[in-house]
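Before any comments, here is the structure.
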Amino acid sequence: SEKERISAKAEGSVTVLKKLRHIAKAFEEDPETRFPAILTKIKPFGFVFELIGYELEGFINLSDVESDYYIYNEKTETLVGRRTNAT
46 SEKERISAKA
56 EGSVTVLKKL
66 RHIAKAFEED
76 PETRFPAILT
86 KIKPFGFVFE
96 LIGYELEGFI
106 NLSDVESDYY
116 IYNEKTETLV
126 GRRTNAT
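Structure follows, in structure tokens:
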């Protein structure tokens, strides 16, 4: 029913909010906190990752990666650093 769908959506939203608050608290305590993640999608303009144990997805735009300038290789579906050749 419609009410069940609304309830399930609200429950999912509260769960995501609690996970984000937990992550924010960890960063407040230690800004160098690292969370294990898996890359799930690579796009020409960035990549999508999932935080292990949190079931949260995020996106990082390539313009936000400061270590190198990465170029998308369509053939291999990889990102290759212009200066470092890192993939």
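Each residue of the sequence shown is one higher than the one before, starting from 46 at the first, in my numbering. No residue lacks a Cβ here, since even glycine has one placed at the ideal position from N, Cα and C.
query, result
"Beta strand (DSSP E) containing LYS86: first to last residue?", "82 to 88"
"Between GLU95 and the ligand FMN, is there a pair consisting of the residue's CB and a ligand heavy atom that are separated by less than 7 Å?", "Only the bare structure without any ligand can be found here, which leaves the ligand FMN out of the picture."
"Are GLU95 and ILE83 touching if we call contact CB-CB under 8 Å?", "yes"
"Between TYR117 and PRO89, which are expected to be in contact by the criterion C-beta below 8 Å, what is the C-beta distance as a whole number of angstroms?", "4 Å"
"Taking Cβ positions, are GLY91 and ILE68 nearer each other than 8 Å?", "no"
"For ILE68, which of helix, strand or coil comes out of DSSP?", "helix"
"DSSP on GLU73, reduced to helix/strand/coil?", "helix"
"Under 8 Å between the Cβ atoms of THR78 and ALA71?", "yes"
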